[in-house]
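Undergrad: Chains E and C are the protein sequences, given in the same order. FYI, the numbering for the first sequence is 3 to 419, going by our numbering. FYI, the numbering for the second sequence is 2 to 342, going by our numbering. Note that beta-carbon positions come from the ideal geometry of N, C-alpha and C, so glycine has one too.
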Amino acid sequence: MSARISGVSGKVGFNDLKQLPGFWTRKLGKDLYEVFIGPQHPGSGHMRIIIRVDGDVIVEADPDMGYVHRTMEKLGEGREWIKGIPLYERMAIHDACNVTLPYVEAVEKLLGIEPPLRAKYLRVLLCEINRIAAFLYGFGIFGVFVGHSTMYMWPFGDREVWVELADWLTGARLTHSYPIFGGVRRDAPEGFTDSLRKAIRYMRKRLEEYRKIYVDNPVIRARLEDVGVIPRNLAIELGITGPNLRASGVEYDVRYNAPYEVYDELDFEIPVFQEGDSLARVWQRVEEIKQSLHILEQVADWLDKHKGEQIMHDRFWKTAPPLYKKVFQETGRVKLVPAFAILKVPKGKAYARAETARGEISYYVESNGANKPYRVRIVSASARNAIVFKYILPGHRVMDLPTIYGSIDYFPPEGDR
Amino acid sequence: MNWIELIIKIIIWPPLWQLIVLGLIVPLVVVIGILWFERKTAARVQRRFGPLHVSPQLGGALQLIADLMRYAFQEVIIPKTVDKGVFLLAPLTALVLSIVPLVAVPFTSVARWWPIPMDYSVLISLALSTVSAIFIVLASWASNNKFSIIGGMRESYMITAYEIAIIISILSTAAMTLSYNFVDVVNAQEGWKWFAVLNPLAFLAAFIGVLMATSGFPFEIPESENEVVAGPYTEYSGLLYGVNMGAAYIKRFVYSVLITLAFFGGWLPYHPGTGFLAGYLYPSIIVVIKATILMAIFSFLRAVYGRYRLDQALDFAWKILFPLALFGLGLGILEAYLGLI
Numbered sequence: 003m004s005a006r007i008s009g010v011s012g013k014v015g016f017n018d019l020k021q022l023p024g025f026w027t028r029k030l031g032k033d034l035y036e037v038f039i040g041p042q043h044p045g046s047g048h049m050r051i052i053i054r055v056d057g058d059v060i061v062e063a064d065p066d067m068g069y070v071h072r073t074m075e076k077l078g079e080g081r082e083w084i085k086g087i088p089l090y091e092r093m094a095i096h097d098a099c100n101v102t103l104p105y106v107e108a109v110e111k112l113l114g115i116e117p118p119l120r121a122k123y124l125r126v127l128l129c130e131i132n133r134i135a136a137f138l139y140g141f142g143i144f145g146v147f148v149g150h151s152t153m154y155m156w157p158f159g160d161r162e163v164w165v166e167l168a169d170w171l172t173g174a175r176l177t178h179s180y181p182i183f184g185g186v187r188r189d190a191p192e193g194f195t196d197s198l199r200k201a202i203r204y205m206r207k208r209l210e211e212y213r214k215i216y217v218d219n220p221v222i223r224a225r226l227e228d229v230g231v232i233p234r235n236l237a238i239e240l241g242i243t244g245p246n247l248r249a250s251g252v253e254y255d256v257r258y259n260a261p262y263e264v265y266d267e268l269d270f271e272i273p274v275f276q277e278g279d280s281l282a283r284v285w286q287r288v289e290e291i292k293q294s295l296h297i298l299e300q301v302a303d304w305l306d307k308h309k310g311e312q313i314m315h316d317r318f319w320k321t322a323p324p325l326y327k328k329v330f331q332e333t334g335r336v337k338l339v340p341a342f343a344i345l346k347v348p349k350g351k352a353y354a355r356a357e358t359a360r361g362e363i364s365y366y367v368e369s370n371g372a373n374k375p376y377r378v379r380i381v382s383a384s385a386r387n388a389i390v391f392k393y394i395l396p397g398h399r400v401m402d403l404p405t406i407y408g409s410i411d412y413f414p415p416e417g418d419r
Numbered sequence: 002m003n004w005i006e007l008i009i010k011i012i013i014w015p016p017l018w019q020l021i022v023l024g025l026i027v028p029l030v031v032v033i034g035i036l037w038f039e040r041k042t043a044a045r046v047q048r049r050f051g052p053l054h055v056s057p058q059l060g061g062a063l064q065l066i067a068d069l070m071r072y073a074f075q076e077v078i079i080p081k082t083v084d085k086g087v088f089l090l091a092p093l094t095a096l097v098l099s100i101v102p103l104v105a106v107p108f109t110s111v112a113r114w115w116p117i118p119m120d121y122s123v124l125i126s127l128a129l130s131t132v133s134a135i136f137i138v139l140a141s142w143a144s145n146n147k148f149s150i151i152g153g154m155r156e157s158y159m160i161t162a163y164e165i166a167i168i169i170s171i172l173s174t175a176a177m178t179l180s181y182n183f184v185d186v187v188n189a190q191e192g193w194k195w196f197a198v199l200n201p202l203a204f205l206a207a208f209i210g211v212l213m214a215t216s217g218f219p220f221e222i223p224e225s226e227n228e229v230v231a232g233p234y235t236e237y238s239g240l241l242y243g244v245n246m247g248a249a250y251i252k253r254f255v256y257s258v259l260i261t262l263a264f265f266g267g268w269l270p271y272h273p274g275t276g277f278l279a280g281y282l283y284p285s286i287i288v289v290i291k292a293t294i295l296m297a298i299f300s301f302l303r304a305v306y307g308r309y310r311l312d313q314a315l316d317f318a319w320k321i322l323f324p325l326a327l328f329g330l331g332l333g334i335l336e337a338y339l340g341l342i
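(1) Applying the 10 Å Cβ sphere with the 16-neighbour rule, what's the burial state of C:L330?
(2) Determine which residues share a DSSP beta bridge with E:R355 and list them.
(3) Apart from the five residues just before and just after C:L295, which ones in its own chain have a Cβ nearer than 7 Å to its Cβ?
(4) Can you list, in chain order, the stretches of the alpha helix (DSSP H) that have 4 or more residues and sit fully within the segment 27-78 of chain C?
(5) Determine, using beta-carbon pairs with one atom in the segment 192-204 of chain C and one in the segment 157-168 of chain C, whether at least three such pairs fall under 8 Å.
(6) If you draw a straight line from the C-alpha of C:G61 to the C-alpha of C:L339, how long is it?
(7) Flag this pair as touching only if the segment 293-301 of chain E and the segment 328-346 of chain E have three or more C-beta atom pairs under 8 Å; answer yes or no.
(8) Can you tell me the Cα-Cα spacing of C:I168 and E:S382, whole angstroms?
(9) When you compare each of C:N3, C:I5, C:L341 to C:T174 by their alpha carbons, which one comes out closest?
(10) DSSP beta-bridge partners for E:M314?
(11) Three or more beta-carbon pairs under 8 Å between the segment 97-117 of chain C and the segment 265-282 of chain C, yes or no?
(12) E:M205 touches chain C at which residues, Cβ-Cβ below 9 Å?
(13) CA-CA distance, E:W285 and E:H398?
(14) Mind checking if E:S409 is an interface residue toward chain C, Cβ cutoff 8 Å exclusive?
(15) Mind checking C:F50: buried by the 16 CB within 10 Å criterion, or exposed?
(16) Got a sec, what are the start and stop residues for the alpha helix (DSSP H) E:E79 sits in?
(17) Please classify C:R310 as buried or exposed, where buried requires at least 16 other C-beta atoms within 10 Å of its C-beta.
(18) Quick check on E:M93 - is its C-beta less than 8 Å from some C-beta in chain C?
(19) Give the interface partners of E:W156 over in chain C, defined as CB-CB distance under 8 Å, in chain order.
(20) For the alpha helix (DSSP H) holding C:P273, just list the boundary residues, first then last.
(21) Going straight from the alpha carbon of E:Y35 to that of C:M154, what length do you get?
(22) Please report the Cβ distance between E:W164 and E:K374, rounded to the nearest whole angstrom; I am assuming they are in contact, meaning their Cβ atoms lie under 8 Å.
(23) In three-state terms, what does DSSP make of C:R308?
(24) With a threshold of 7 Å on Cβ separation, who are the neighbours of E:K392 within its own chain once the five nearest residues in sequence on each side are excluded?
(25) Please go through the same chain and pick out, in chain order, the residues whose beta-carbon is closer than 6 Å to the beta-carbon of C:G266, but skip the five residues on each side of it.
(26) Look at the alpha carbon of C:I11 and the alpha carbon of C:A207, and state the distance between them as a whole number of angstroms.
(27) In whole angstroms, what separates the C-alpha of E:I202 from that of E:L295?
(28) Whether or not the segment 96-111 of chain E and the segment 162-180 of chain E are in contact is what I'm after, with contact meaning three or more pairs of Cβ atoms, one per stretch, closer than 8 Å; do they touch?
(29) Does the Cβ of C:W268 have 16 or more other Cβ atoms within 10 Å, making it buried, or fewer, making it exposed?
(30) Using a cut-off of 9 Å between C-beta atoms, extract the partners of C:I151 located in chain E.
(31) Please say whether E:R386 and E:G241 have beta carbons closer to each other than 8 Å?
(32) Provide the residue(s) that pair with E:S369 in DSSP beta bridges, ordered along the chain.
(33) Got a sec: which bits of the segment 35-46 of chain C sit with their beta carbon under 7 Å from any beta carbon on chain E, in order along the chain?
Laid out in structure tokens, this is it:
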């Protein structure tokens with residue numbers, strides 16, 4: 003459509019304007035009713051879903067993304083390499099470590115460096131903490147959508163445990179900017195692993211209570227079972243990722259299929275459900291939280307055994323002034339060395355991907371040897387999942403829309419980038 | 002002091018007493034108390050504090066009064082696209098009509114304190130209780146808003162589903178006593194023979210029907226926020242929105258009174274005596290307390306349940322609730338035939 007507009011020469015008349023998306027007019031069928039749900043609607047988040055209903059049944063659905071588009075990719079081209087990290091984590095602030103990790107990895111590939119082992123474990127630690135927090139966030143929103151106020155309050159309260167842990171580890175509740183090129187910003191503080199183990203025990207207990215009041219609740223089951231079914235072949239065809247894909251019976255997880263950091267050294271399972279309906283997607287997330295807790299236990303054990311190891315690659319660490327090293331010895335904090343500010347990445351292309359809470363995110367990074375990236379292309383999980391609304395909403399009732407929307411766990415800022 | 006006597010006489014004149022005091026002021030006080038209690042218990046379940054900062058000494062009990070004041074002083078926005086007359090009149094009419102059934106309900110067995118003759122009170126009060134819902138649908142149509150119309154459509158589906166169940170199950174008490182007179186129905190429950198115990202099927206059908214009628218959980222469908230914003234009330238703001246909400250709670254209170262009389266023995270075990278206090282005030286208070294307990298039970302399901310889908314709720318209403326009400330009617334007739342009443 004844009005090609006035609008740019009082809010218009012001279013003065014733009016009304017007939018040309020009609021070609022613009024905002025001016026599109028479509029003929030509705032007889033007895034059809036068009037409802038715009040969103041982008042400022044209590045039940046849709048920052049996204050518009052245009053639905054056409056026949057009575058109470060949706061016959062056509064049109065997910066209209068882009069309301070919170072922030073030109074992440076273009077902005078990234080205008081700032082230094084290190085500043086990309088705090089920028090890209092704005093896509094999904096409660097999943098910050100997972101979202102920025104592939105960017106860091108891609109740049110490390112270009113630099114030809116490998117972070118120390120302890121830094122890798124610390125990255126995995128924060129990744130899994132973020133993953134649990136993001137799942138709990140999704141549960142809370144889903145609870146509102148089905149009208150279950152307790153399921154809104156509980157996960158948001160329990161998420162606080164993980165946010166506080168992340169705060170203690172990194173110094174920020176949400177936008178951690180924790181992994182940096184060649185390592186991480188801070189070491190785990192004294193006593194962190196003990197609190198982590200306590201949090202893991204607490205979360206296991208709470209998951210059981212979630213099951214009792216929510217997942218096995220007869221009203222909730224009636225709402226979720228056989229609603230919004232994504233068949234296995236459709237899920238593969240549309241390129242859906244993450245828990246939604248695994249709930250449809252496809253065993254695909256980047257942590258397992260293309261291990262990054264230290265995931266190949268850890269013992270965990272990929273839970274898979276065959277049903278592909280909304281209830282399966284809820285169960286999928288519950289099971290994934292259990293696996294994350296299992297991973298965290300192993301990471302905590304490893305961190306206890308390897309205290310005081312280096313968390314920063316030598317290339318940057320050897321440029322640090324003696325004062326920085328003294329601070330690290332005393333407090334375990336790494337101040338960003340000046341080398342990052344003038345960092346020039348060698349010419350080349352790199353690609354990296356990771357499994358976020360909502361699915362696979364991939365970064366294609368291209369450098370022309372300057373101190374700023376030439377191009378950073380991001381394909382986020384939500385952007386890939388959004389298309390599913392078009393295919394599974396038709397045939398359902400209007401009241402199923404929030405249920406399906408919540409079960410997909412679509413996050414507009416991440417999708418719009 | 003003649004004029005004080007006159008004022009008291011006017012206040013305790015049965016129609017005024019039952020419409021204004023029992024129909025408007027008492028529900029308001031009851032709702033304030035119950036909503037506070039409900040919010041506090043839900044907060045306890047959900048591990049938060051609930052209302053707190055308005056009157057911390059009372060545990061936030063005045064929060065609802067603060068909310069009401071906010072509604073009262075907010076600007077009432079009337080969009081240009083609405084049908085203005087109907088838009089303004091519909092909520093007010095709905096409010097008035099939701100109180101009106103109380104005029105056909107006895108709060109005592111003494112004939113001097115009846116607003117109208119009570120010979121057909123069961124029929125009249127039930128018939129009057131069904132009128133107000135039409136004006137909610139009307140309000141949604143007058144709003145000229147897609148979400149309102151979808152909400153109104155849901156409301157109209159729900160009306161047809163719950164009304165029959167409520168009417169049949171309350172009429173089953175008339176069949177049990179062979180009388181359309183609420184006073185007879187109450188007097189037949191003398192000696193703790195409450196119809197809720199004798200005919201639990203009809204009571205259960207009426208209870209669930211009222212839950213649906215007043216958009217209680219898990220049937221909070223017409224106003225479900227995530228799909229249709231505020232349902233029929235989407236375009237309403239300020240005082241008019243408050244009137245809409247008030248009408249819904251008064252409706253719940255009126256149904257609670259009807260169920261109290263039909264199934265929980267009304268003013269029994271108290272026997273109304275002579276004079277205003279013994280003959281009218283005390284029995285009224287007993288009925289109100291019973292209705293309040295019922296209303297509290299209606300509200301407590303909030304923390305535990307989600308929402309049903311519209312078609313599931315209708316399914317439930319027609320396939321389970323309606324037969325349940327019919328079985329209740331049959332049970333009532335059987336009990337009356339066997340002389341158990």
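TA: Judging by the given coordinates:
(1) Within the second sequence, residue 330 of chain C is the residue found at index 329, counting from 1. Taking every protein chain shown into account, the CB of C:L330 has 16 or more other CB atoms within 10 angstroms, so this residue is buried.
(2) Residue numbering aside, residue 355 of chain E sits at position 353 when the first sequence is read from its first letter. The secondary-structure analysis by DSSP pairs E:R355 across a beta bridge with E:S364.
(3) As a working mapping, residue 295 of chain C is identified with position 294 in the second sequence. Taking C-beta separations shorter than 7 Å and ignoring five residues to either side along the sequence, the partners of C:L295 in its chain run S257, I260, T261, following chain order.
(4) Here the runs fully enclosed are 27-46, 64-74.
(5) Contact between the segment 192-204 of chain C and the segment 157-168 of chain C is absent, because fewer than three Cβ pairs lie under 8 Å.
(6) Taking the first residue of the second sequence as 1, we reach residue 61 of chain C at position 60. Taking the first residue of the second sequence as 1, we reach residue 339 of chain C at position 338. The straight-line gap from Cα to Cα measures roughly 53 Å.
(7) Contact check between the segment 293-301 of chain E and the segment 328-346 of chain E: fewer than three CB pairs, one atom from each, fall below 8 Å, which does not count as touching.
(8) Stepping through the second sequence from its first residue, residue 168 of chain C is reached at position 167. Stepping through the first sequence from its first residue, residue 382 of chain E is reached at position 380. Counting only the Cα atoms, E:S382 lies some 56 Å from C:I168.
(9) Along the second sequence, one-based indexing puts residue 174 of chain C at 173. C:T174 has its Cα closest to that of C:L341, out of C:N3, C:I5, C:L341.
(10) Reading the first sequence from its first residue, position 312 is the one you call residue 314 of chain E. According to DSSP, which records beta bridges pairwise, E:M314 is partnered with E:G185.
(11) Yes, they touch.
(12) Indexing the first sequence from 1 puts residue 205 of chain E at position 203. Within 9 Å Cβ-Cβ: nothing; E:M205 doesn't reach chain C, min ~15 Å.
(13) As a working note, residue 285 of chain E is residue 283 in the first sequence. As a working note, residue 398 of chain E is residue 396 in the first sequence. C-alpha separation (whole angstroms): 21 Å.
(14) Walking along the first sequence from the start, residue 409 of chain E turns up at place 407. Output row for E:S409: interface = no.
(15) One-based indexing of the second sequence puts residue 50 of chain C at position 49. Exposed, since its Cβ has fewer than 16 Cβ neighbours within 10 Å.
(16) As a working mapping, residue 79 of chain E is identified with position 77 in the first sequence. It spans 74-79 - the alpha helix (DSSP H) in which E:E79 sits, taken as one unbroken run.
(17) Sequence index remark: in the second sequence, residue 310 of chain C carries index 309 (1-based). By the Cβ-count criterion, C:R310 is buried, with 16 or more other Cβ atoms from all chains shown falling within 10 Å of its own Cβ.
(18) Locating residue 93 of chain E in the first sequence gives position 91, counting from the first residue. At a cut-off of 8 Å between beta carbons, E:M93 makes no contact with chain C.
(19) Translated into positions along the first sequence, residue 156 of chain E becomes position 154. Correct list: Q47, R48.
(20) Sequence index remark: in the second sequence, residue 273 of chain C carries index 272 (1-based). No alpha helix (DSSP H) contains C:P273, which DSSP labels as neither H nor E.
(21) Mapped onto the first sequence, residue 35 of chain E falls at position 33. Mapped onto the second sequence, residue 154 of chain C falls at position 153. So the alpha carbons of these two residues sit roughly 13 Å apart.
(22) Residue numbering aside, residue 164 of chain E sits at position 162 when the first sequence is read from its first letter. Residue numbering aside, residue 374 of chain E sits at position 372 when the first sequence is read from its first letter. A Cβ-Cβ separation of about 34 Å leaves E:W164 out of contact with E:K374 under the 8 Å criterion.
(23) Position 307 of the second sequence holds residue 308 of chain C. Coil, per DSSP.
(24) On the first sequence, position 390 is the one that residue 392 of chain E refers to. Correct list, in chain order: A63, D64, P65.
(25) One-based indexing of the second sequence puts residue 266 of chain C at position 265. Q190, W195.
(26) Position 10 of the second sequence holds residue 11 of chain C. Position 206 of the second sequence holds residue 207 of chain C. In this model, C:I11 and C:A207 are separated by some 35 Å (Cα to Cα).
(27) The count along the first sequence starts at 1 and reaches residue 202 of chain E at position 200. The count along the first sequence starts at 1 and reaches residue 295 of chain E at position 293. Taking the straight line from one Cα to the other gives about 6 Å.
(28) They touch, by the three-pair rule.
(29) The residue you call residue 268 of chain C lines up with position 267 of the second sequence. Classification for C:W268: buried.
(30) Translated into the one-based positions of the second sequence, residue 151 of chain C becomes position 150. Chain-ordered, the chain E residues with CB closer than 9 Å to the CB of C:I151 read Y35, V37, V55, D58, V400.
(31) Reading the first sequence from its first residue, position 239 is the one you call residue 241 of chain E. Reading the first sequence from its first residue, position 384 is the one you call residue 386 of chain E. The answer is yes: Cβ separation under 8 Å.
(32) Here residue 369 of chain E is taken as the residue at index 367 of the first sequence, counted from 1. E:G350.
(33) A43, V46: these are the residues of the segment 35-46 of chain C whose beta carbon lies less than 7 Å from some beta carbon of chain E, given in chain order.
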